[in-house]
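S.K.: For reference, the structure I am asking about is given below.
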Amino acid sequence: MNKNWVLVTGATRGFGRALAFEWIRSLKLLPDGSKLLVTGRDESKVSQLVEELLEKRPQVLVAGKVLDLNSSLIESDINSLFQQEEGNNYACSYLVNNAGTLGPLGPLEDCDWKTISCYFYENVVTTVYLTNQYIRSFGNSFRHVIHISSLAGIEPLEYCGLYCMGKAAKNMQMRMIACEHKNDIRTLNYAPGPMETDMQTHLRDNLPSGPLKTQMVELWKRGQLVAPSESARKLIGILETGRYENGTHIDFYSDNAC
Ligand SMILES: NC(=O)c1ccc[n+]([C@@H]2O[C@H](COP(=O)([O-])OP(=O)(O)OC[C@H]3O[C@@H](n4cnc5c(N)ncnc54)[C@H](OP(=O)(O)O)[C@@H]3O)[C@@H](O)[C@H]2O)c1
21 MNKNWVLVTG ATRGFGRALA FEWIRSLKLL PDGSKLLVTG RDESKVSQLV EELLEKRPQV
81 LVAGKVLDLN SSLIESDINS LFQQEEGNNY ACSYLVNNAG TLGPLGPLED CDWKTISCYF
141 YENVVTTVYL TNQYIRSFGN SFRHVIHISS LAGIEPLEYC GLYCMGKAAK NMQMRMIACE
201 HKNDIRTLNY APGPMETDMQ THLRDNLPSG PLKTQMVELW KRGQLVAPSE SARKLIGILE
261 TGRYENGTHI DFYSDNAC
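The sequence shown begins at 21 in our numbering and counts up by one.
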């Protein structure tokens with residue numbers, strides 16, 4: 021039995037999509053007969069993605085699921101996702117928590133009750149619950165949880181308050197799991213670098229003026245943004261070698277990123 025199971029959330033565009041395409045190329049992380057499950061919010065985009073991935077490796081079972089982390093039905097959607105995986109028998113399993121939003125861009129004190137609670141519901145509450153259900157459902161396999169984190173999870177980035185706080189909370193979630201499951205679950209916070217995606221465009225276009233906006237515009241003008249596929253390859257390399265401390269934070273630019 022050397023089949024693996026992988027779930028990548030938010031895989032229909034941006035980094036999640038790039039990661040799904042890099043993952044399916046990895047015979048080590050996804051031996052023939054393994055299962056790759058991708059989620060997105062748009063059913064037709066999810067189906068299209070599944071088809072494209074299957075073309076790359078017909079030997080892998082690729083499945084898609086519509087999952088909106090902002091839905092009022094998200095708890096039962098997550099429960100049913102894992103019920104479908106009951107009786108699973110995989111060597112290794114991987115949950116990649118990639119889906120996320122930037123939230124409001126502006127001074128933290130401008131966020132009202134609804135904005136704060138919606139942001140944490142969509143970006144933290146649902147991800148923590150998804151991870152808990154994964155951990156409870158995949159005890160037969162060697163479990164891995166990867167949080168697609170950011171520098172924002174360890175450094176305050178001006179006018180991105182809720183985003184920074186959400187990333188910091190999920191960084192700690194990875195450390196908590198590593199602390200409580202030293203030997204049977206591996207977790208990683210991977211900061212993919214400033215990548216040319218819709219999120220980056222939104223950040224560049226909507227950040228109030230200040231040093232961060234200037235820096236982001238400069239990176240873009242100089243062509244120094246990271247290609248999502250390049251960052252995805254780096255993460256795949258790290259996971260293939262497995263050379264990382266449980267619960268650690270690795271940045272795309274880190275020397276310890278192999
Ligand atoms: N881009 C960067 O420079 C950068 C830097 C550091 C960290 N990151 C992190 O990398 C990850 C991917 O970001 P990206 O740059 O690829 O962003 P993106 O292009 O905006 O893509 C975001 C992804 O999250 C999904 N998503 C958003 N809200 C969702 C919801 N309510 N339910 C389910 N899925 C939802 C989107 O799904 P739909 O396609 O259905 O909308 C999309 O697949 C994020 O966690 C981000 O914080 C990005």
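Just so you know, even glycine gets a beta-carbon here, dropped at the ideal spot from N, CA and C.
Since the structure is predicted, the reported quantities are computational estimates derived from the model, not experimental observations.
Out of curiosity, what's the CA-to-CA distance linking Glu63 and Lys85?
M.R.: 8 Å
S.K.: Looking only at its own chain, which residues have a Cβ that is under 6 Å from the Cβ of Leu81, when we skip the five neighbours before and after it?
M.R.: Taking C-beta separations shorter than 6 Å and ignoring five residues to either side along the sequence, the partners of Leu81 in its chain run Lys55, following chain order.
S.K.: Flag Met215 as yes when its Cβ comes closer than 7 Å to any non-hydrogen atom of ligand 1, and as no otherwise.
M.R.: Met215: yes, Cβ under 7 Å from ligand 1.
S.K.: CA-CA distance, Thr135 and Asn266?
M.R.: 33 Å
S.K.: What residues are listed by DSSP as bridge partners for Leu57?
M.R.: Leu27, Ala83
S.K.: Measure the beta-carbon distance from Gly34 to Pro214 and round it to whole angstroms, keeping in mind my assumption that it falls under 8 Å.
M.R.: Wrong, their Cβ atoms sit about 13 Å apart, outside the cutoff.
S.K.: Please classify Ala198: does DSSP put it in a helix, a strand, or coil?
M.R.: helix
S.K.: Using three-state DSSP, classify Ile155 as helix, strand or coil.
M.R.: For Ile155, the three-state secondary structure derived from DSSP is helix.
S.K.: Compute the Euclidean distance between the alpha carbons of Cys278 and Trp133, then round it to the nearest angstrom.
M.R.: The pLDDT assigned to Cys278 is 46, lower than 50, so where the model puts this residue is not dependable; a value taken from the coordinates is nonetheless given after this. Their backbone Cα atoms lie some 42 Å apart in a straight line.
S.K.: Could you compute how far the alpha carbon of Ala83 sits from the alpha carbon of Ile44?
M.R.: Ala83 and Ile44 have their C-alpha atoms some 12 Å from each other.
S.K.: Report the option in Tyr179, Ala252, Glu260 whose CA atom is closest to the CA atom of Leu232.
M.R.: Measuring from the Cα of Leu232, the nearest candidate turns out to be Tyr179.
S.K.: Going by DSSP, name the residue or residues bridged to Asp271.
M.R.: Under DSSP, Asp271 shares a beta bridge with Ala211.
S.K.: For Tyr154 and Tyr141, I'd like the C-alpha separation in whole angstroms.
M.R.: 18 Å
S.K.: When you compare only the Cα positions, how much space is there between Ala211 and Val66?
M.R.: 25 Å
S.K.: Please name the residue or residues paired with Tyr114 in a DSSP beta bridge.
M.R.: Answer is Val26, His164, bridged to Tyr114.
S.K.: Who are the Cβ neighbours of Asp271 in its own chain at under 6 Å, not counting the five residues just before and after it?
M.R.: Taken in chain order, the residues that qualify are Ala211.
S.K.: For ligand 1, is there a heavy atom less than 7 Å away from the beta-carbon of Glu75?
M.R.: no
S.K.: Judging by CA-CA distance, which residue of Lys48, Gly230, Gly36, Ala40 is the nearest neighbour of Asn22?
M.R.: Nearest option by C-alpha distance: Lys48.
S.K.: Taking the alpha helix (DSSP H) that Ala38 falls in, what are its first and last residues?
M.R.: 34-43
S.K.: Among Glu216, Arg77, Ser170, Arg156, which residue has its Cα nearest to the Cα of Thr268?
M.R.: Ser170
S.K.: How many Å lie between Lys76 and Leu128 at the Cα?
M.R.: 44 Å
S.K.: So which of Asp204, Asn117, Thr121, Asn90 has the shortest CA-CA distance to Leu57?
M.R.: Asn117
S.K.: Please go through the same chain and pick out, in chain order, the residues whose beta-carbon is closer than 7 Å to the beta-carbon of Arg206, but skip the five residues on each side of it.
M.R.: His164, Asn266
S.K.: Hey, how far is the Cα of Ala252 from the Cα of Pro78?
M.R.: 21 Å
S.K.: For Pro51, I'd like the list of residues in its chain whose CB is within less than 7 Å of its CB, leaving aside the five on either flank, ordered along the chain.
M.R.: Asn22, Lys23, Asn24
S.K.: Taking only three categories from DSSP, how would you classify Ile174?
M.R.: coil
S.K.: Here's a check: name, in chain order, each residue in its chain whose Cβ is nearer than 8 Å to the Cβ of Thr217, leaving out the five neighbours to either side.
M.R.: Arg33, Gly34, Phe35, Pro248
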